[in-house]
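Participant: Numbering (the numbering used here), first residue to last: 2 to 279. Structure in structure tokens, see below.
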Ligand code: HEC
Ligand code: HEC
Ligand code: HEC
Ligand code: HEC
Ligand code: HEC
Ligand code: HEC
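This is how it looks when you write it as structure tokens:
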């Protein structure tokens with residue numbers, strides 16, 4: 002790189018720019034076979050999929066709210082919450098308020114003190130009357146001991162994968178039976194006809210095609226969670242899959258890396274692949 006040692010500052014800058022560009026291309030371009038690596042998920046699987054809800058709660062008592070996917074997804078399908086109840090697929094985007102909860106929307110669709118789950122009423126969400134109420138079970142990011150459900154205890158009997166619970170196996174073995182219907186909120190539908198599985202061909206020869214299971218995904222997600230927002234059903238619109246877009250939270254990365262198994266679990270999607278990238 003004699004150019005980079007050139008006494009001319011412009012020459013040196015040009016040279017740096019050239020190598021920076023090369024690095025950029027190597028890191029991002031799929032054609033080179035190199036990619037960005039996804040961020041590792043949190044050390045504790047109990048923190049994976051945790052959403053801190055804090056659009057309005059911080060300045061007032063009782064403070065921010067914790068929502069854990071691991072607990073709720075062991076009981077309900079993604080579709081029930083994200084389609085029937087209508088929660089956004091993005092943290093703090095649903096405009097949840099104490100008042101909407103009280104009116105029976107958002108968390109209040111279940112947490113109303115009356116709806117039964119496994120024979121017991123689900124504890125109520127926000128009300129004006131704090132006495133004797135269980136505000137801290139939700140408004141509890143830093144309040145130790147205010148929660149009744151503990152990740153280790155709840156997941157002890159569930160099969161584990163390379164990172165935390167293997168939800169696919171837990172469901173297949175019948176250890177969890179996520180509920181897909183909420184009286185008064187969901188509409189009765191004819192059973193959905195699943196679409197055939199298909200393989201996603203890589204642009205690179207050495208990357209094996211990925212088998213995508215419509216059937217397995219529809220079980221959790223219905224159809225509406227993916228179509229048409231994440232994936233158009235018209236192939237002509239052309240989804241151009243790439244690992245970089247996944248890492249940026251598009252396509253598969255809309256769920257994998259946030260709530261479904263993380264993108265670092267390469268072999269989860271790429272059949273004979275490395276097991277765990279840093
Ligand atoms: C009990 C209801 C419930 C269930 C079940 C549920 N979610 Fe969520 N999900 C939420 C709520 C609430 C949020 C936060 C929305 C907001 O803040 O506006 C959320 C947020 C998300 C986000 C965005 C996270 C982020 O950090 O930006 C993703 C992705 C997501 N959910 C995927 C899933 C998937 C996949 C499943 C099924 C495996 C699932 N959810 C099951 C209620 C649920
Ligand atoms: C589809 C129904 C449903 C929705 C919607 C829902 N939850 Fe839950 N949630 C449950 C059930 C069922 C439990 C277990 C309740 C019990 O044992 O009383 C639970 C438990 C919890 C717990 C555990 C408390 C503890 O003591 O460990 C927290 C925290 C919680 N929910 C927060 C939320 C928040 C925040 C929202 C809204 C963003 C929400 N939930 C929306 C059904 C739901
Ligand atoms: C099931 C979970 C849950 C429980 C239990 C709960 N809340 Fe909330 N609360 C929420 C969520 C979610 C928000 C919205 C957080 C945000 O984005 O700022 C919220 C927001 C609030 C706010 C912020 C003001 C506003 O307009 O949104 C207040 C005040 C509040 N809750 C009071 C209470 C009180 C008092 C209790 C106990 C009687 C309680 N909450 C119990 C989930 C809960
Ligand atoms: C949630 C599924 C999923 C996971 C997990 C995953 N990938 Fe991918 N990957 C894809 C999809 C979809 C494509 C695009 C189609 C294709 O090339 O096969 C892709 C493409 C690629 C490509 C080809 C270049 C490109 O951008 O199209 C490489 C290289 C790659 N992935 C490496 C990895 C590595 C390394 C890991 C682990 C750190 C990983 N992938 C984890 C789904 C995944
Ligand atoms: C987890 C996400 C996901 C879920 C859930 C899902 N799909 Fe798909 N679907 C895809 C992807 C990815 C493609 C391919 C898009 C492409 O390559 O352009 C696709 C393609 C399709 C196509 C076009 C097929 C073709 O060959 O052109 C149809 C039709 C379709 N899906 C219907 C459904 C129906 C019906 C359901 C519910 C039973 C469903 N999908 C559930 C992700 C999903
Ligand atoms: C709407 C959310 C969502 C999207 C988008 C999504 N997945 Fe998944 N996927 C899930 C959930 C939920 C599971 C269940 C396992 C878990 O949560 O770890 C799953 C499981 C899987 C599995 C294991 C199931 C099996 O077939 O054995 C594979 C492989 C997979 N996804 C690949 C992909 C690929 C490739 C894409 C993109 C083309 C994708 N997923 C897009 C939510 C999603």
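Idealized CB from N, CA, C, for every residue including glycine.
Any heavy atom of ligand 5 inside 7 Å of the beta-carbon of residue 257?
Facilitator: Locating residue 257 in the chain shown gives position 256, counting from the first residue. Outside the cutoff, so no.
Participant: Taking 7 Å as the cut-off, is the CB of residue 1 close to at least one heavy atom of ligand 3?
Facilitator: The chain is shown from 2 up to 279; residue 1 falls before or after that span and cannot be answered.
Participant: DSSP three-state label for residue 166, please.
Facilitator: Within the chain shown, residue 166 is the residue found at index 165, counting from 1. In the structure shown, residue 166 sits in a strand (DSSP, three-state: E or B).
Participant: Taking the C-alpha atoms as reference points, what is the distance between residue 128 and residue 98?
Facilitator: To locate residue 128, count along the chain shown from 1; it is residue 127. To locate residue 98, count along the chain shown from 1; it is residue 97. Taking the straight line from one Cα to the other gives about 11 Å.
Participant: For the region 215–245, which segments carrying the alpha helix (DSSP H) assignment without a break, of at least 4 residues, lie completely within its bounds, in sequence order?
Facilitator: The qualifying runs are 215–222.
Participant: For the putative contact between residue 170 and residue 179, defined by C-beta atoms under 8 Å, what is the C-beta separation to the nearest angstrom?
Facilitator: Counted from its first residue, the chain shown places residue 170 at position 169. Counted from its first residue, the chain shown places residue 179 at position 178. Actually they do not touch by this definition, with Cβ atoms about 14 Å apart.
Participant: Which first and last residues belong to the beta strand (DSSP E) in which residue 205 is found?
Facilitator: Residue numbering aside, residue 205 sits at position 204 when the chain shown is read from its first letter. Here residue 205 belongs to no beta strand (DSSP E), and DSSP marks it neither H nor E.
Participant: If residue 265 and residue 39 are in contact, beta carbons under 8 Å, what's the gap, nearest whole angstrom?
Facilitator: For the purposes of this step, residue 265 is taken as residue 264 along the chain shown, with counting starting at 1. For the purposes of this step, residue 39 is taken as residue 38 along the chain shown, with counting starting at 1. Yes, they are in contact, since the Cβ atoms of residue 265 and residue 39 sit about 5 Å apart, within 8 Å.
Participant: Write down the C-beta distance between residue 85 and residue 177 rounded to the nearest angstrom, noting that I regard them as a contact closer than 8 Å.
Facilitator: As a working mapping, residue 85 is identified with position 84 in the chain shown. As a working mapping, residue 177 is identified with position 176 in the chain shown. With a Cβ gap of about 19 Å, residue 85 and residue 177 do not count as contacting.
Participant: Quick check on the DSSP output: what are the complete beta strand (DSSP E) runs of length 3 or more inside the region 50–85, in order along the chain?
Facilitator: Complete beta strand (DSSP E) runs here, min 3: 51–54, 66–69.
Participant: Whole angstroms are fine: how far does the CA of residue 70 sit from the CA of residue 79?
Facilitator: Looking up residue 79 in the chain shown gives position 78. Looking up residue 70 in the chain shown gives position 69. Those two C-alpha atoms are separated by around 9 Å.
Participant: Tell whether a beta-carbon distance below 8 Å holds between residue 239 and residue 247.
Facilitator: Locating residue 239 in the chain shown gives position 238, counting from the first residue. Locating residue 247 in the chain shown gives position 246, counting from the first residue. No, Cβ-Cβ distance for residue 239 and residue 247 is not below 8 Å.
Participant: Going by beta-carbon coordinates alone, are residue 65 and residue 81 separated by less than 8 Å?
Facilitator: Here residue 65 refers to the residue found at position 64 when the chain shown is read from its first residue. Here residue 81 refers to the residue found at position 80 when the chain shown is read from its first residue. Going by C-beta atoms, residue 65 is not nearer than 8 Å to residue 81.
Participant: Answer yes or no: do residue 219 and residue 234 have a C-beta to C-beta separation smaller than 8 Å?
Facilitator: Against the chain shown, residue 219 aligns to sequence position 218. Against the chain shown, residue 234 aligns to sequence position 233. In this structure, residue 234 does not lie closer than 8 Å to residue 219 by Cβ.
Participant: In chain order, what residues of the same chain lie with their CB nearer than 6 Å to the CB of residue 260, ignoring the 5 residues before and after it?
Facilitator: Within the chain shown, numbered from 1, the residue matching residue 260 stands at position 259. These residues qualify, in order along the chain: 50, 70.
Participant: Please state whether the Cβ-Cβ distance between residue 164 and residue 42 is less than 8 Å.
Facilitator: On the chain shown, residue 164 is found 163 positions in, with the first residue counted as 1. On the chain shown, residue 42 is found 41 positions in, with the first residue counted as 1. Yes, the Cβ-Cβ distance between residue 164 and residue 42 is below 8 Å.
Participant: For the alpha helix (DSSP H) containing residue 152, name the first residue and the last one.
Facilitator: Within the chain shown, numbered from 1, the residue matching residue 152 stands at position 151. It spans 152–156 - the alpha helix (DSSP H) in which residue 152 sits, taken as one unbroken run.
Participant: Measure the alpha-carbon distance for residue 173 versus residue 113 and round it to whole angstroms.
Facilitator: Taking the first residue of the chain shown as 1, we reach residue 173 at position 172. Taking the first residue of the chain shown as 1, we reach residue 113 at position 112. Roughly 31 Å between the two C-alpha positions.
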